[in-house]
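So the structure is just underneath, and the comments pick up after that.
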Amino acid sequence: MKRIKLNFAAMAFLLGTGVAVASTAQTANAKWHFDGSKYVEVTGNYSCESSADQCTRTYPAGQNPNLNPDGYISQELGIFAQ
């Protein structure tokens, strides 16, 4: 009987831990455009016209590329238009 109780306790702990991890809010990554002097967060619709220039970069949530431009997740090439 004691072993069954321990098994149920272990299962409850693992299930509770899994639910807690799964329900943690994930913040979205942010897309930024470099306007020539500083990065500006992209909001709304935009397009990247054909070019080899940097159009936008996606950074992890909470990272301000004006303070640390390294470590971007992805980059779009083109001329930014909004």
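Just so we're aligned: 31 in our numbering is position 29 of the sequence shown, and the numbers increase by one with no gaps anywhere. C-beta atoms are modelled at their ideal positions from N, C-alpha and C, and glycine is treated no differently. Source: prediction; values computed, not measured.
Sheet register partners of residue i (DSSP bridge)
| i | result |
| --- | --- |
| Val42 | His35 |
| Ser76 | Thr60 |
| Ile83 | Here the sequence assigns Ala to residue 83, which means Ile is not the residue at that position. According to DSSP, Ala83 bridges with Ser49. |
Within 8 Å, strictly: CB atoms of residue i and residue j
| i | j | result |
| --- | --- | --- |
| Leu79 | Gln65 | no |
| Ala63 | Ala32 | yes |
| Thr60 | Ile75 | yes |
Straight-line gap, residue i to residue j (C-alpha atoms, nearest Å)
| i | j | result |
| --- | --- | --- |
| Lys40 | Thr29 | 23 Å |
| Pro71 | Arg5 | 55 Å |
| Val44 | Trp34 | 5 Å |
| Ile81 | Ser49 | 8 Å |
| Gln77 | Phe36 | 11 Å |
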